[in-house]
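Take the sequence shown: its letters are residues 0 to 321, numbered as in numbering that gives the first Met the number 0.
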Amino acid sequence: MTLRSIGIIIAALGFAAASPARAEDLLVTQYKNDPSGAPYGIALEKGFFKAHGLDISGIISGAGGGSSVRNAIASDLGYGDVTAAPVIAAAEQGQDVKIVGITSRSLADLVLVVMPDSPLKSPADLKGKKFGISNPKSLGEMMGVLVMEQAGLKQGDVQMTALGSLSGALTALENGVVDATSIPVILFRTRGGESKYRVLVSPKDLPLIPSQLGMATGKAMKEWPDKLRAIQTARREGTKFIYDHTDEAIEILSKVYAPLPPSEVGIMVKQLVEAKFWSEGRIEMPLLEQTVHAMKGVGMLQKDVDLKKVVDSSFLPPDLQK
């Protein structure tokens, strides 16, 4: 080997060593349309990702459902914050994915509403009525099933009416096609909030199932476990910041959820803080068991799931692994 060849190799190695780690995007389902992913926005703005050695260039807003799970699987990072049910379904279908942390521990990011002049005063009054959903097997239908169960109603007591989209369900409510519906809280506030609709169930009283959680591929868990640990730690810090510094968090999140007015963002965040909506990450098995129950209720699953095979808490901070 010539001296010139050795010099070229040394220079190349030196360039590689000096090159910074490539920035990566983080996929979060409905990031700008759902408050579940708020801790990631805080972590990005406050530099929590960088503090733990991650170069996150931005947050991609996933479409939701199975498509977000597929996109997370295909992403370079192999991680996504996605809806719980499609992850469980994907794992049951043999996909090499696991739940590595819980982001939000209830359905308080949804709002169950009726029109102001509706005679319905509680979920029990929905017996024999029509409940608007976007699509069958959606999170909205799962919420409806669980709320009806809490009210002592049985499957079939309420007619689930699919309307193709969340805005379509809301329009159907306004036109009297359905009697009630559940919609994301940001859409609710964008369309007029309490000045236009009446909330039938308050956020703190909604079912305890995770609306979103952290999912990682087997490849990510094997090849870059430290990145997954850093994500979970930074997201936890973002969550704690929302609870400990709510007013500053609202200022940051008002940029994320624009054009929703900051005053509306403030109301939403404070309600979710009261509902203890965001989780620091601990995988609470009863919440996932409730998810499986709801999935069976809407026909997504026909049998129980061995959830221990679907979760891996080892990427969480040690005190959250118990």
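Even glycine gets a Cβ: it sits at the ideal position worked out from N, Cα and C.
For MET142 and VAL291, the gap between their C-alpha atoms comes out near 13 Å. Beta-bridge partners of PHE130 (DSSP): MET159, ALA179. In the three-state reduction of the DSSP assignment, GLU250 falls in the helix class. Secondary structure note for GLU263: its alpha helix (DSSP H) is the uninterrupted segment 261 to 273. Note on LYS97: 16 or more other CB atoms within 10 angstroms of its CB, so buried under the neighbour-count rule. Taking 9 Å as the cut-off, the Cβ atoms of MET284 and LEU259 do not count as close.
Put simply, the backbone Cα of LYS31 is about 27 Å away from that of ASN174.
Between the beta-carbon of ARG281 and that of LEU315 there is about 7 Å, and that keeps the pair under the 8 Å contact cut. Residue pairing by DSSP places TRP223 in no beta bridge whatsoever. Look at the segment 43 to 71 and you find these whole runs of alpha helix (DSSP H), each 4 residues long or longer: 47 to 50. Setting aside the 5 residues that flank it on each side, LYS239 is surrounded in the same chain by GLU279, each with a C-beta closer than 8 Å to its C-beta; the list follows chain order. Taking the Cα of SER133 as reference, the smallest distance to any Cα among HIS244, SER262, ILE182 is reached at ILE182. It is roughly 7 Å from the alpha-carbon of GLY52 to the alpha-carbon of ALA229.
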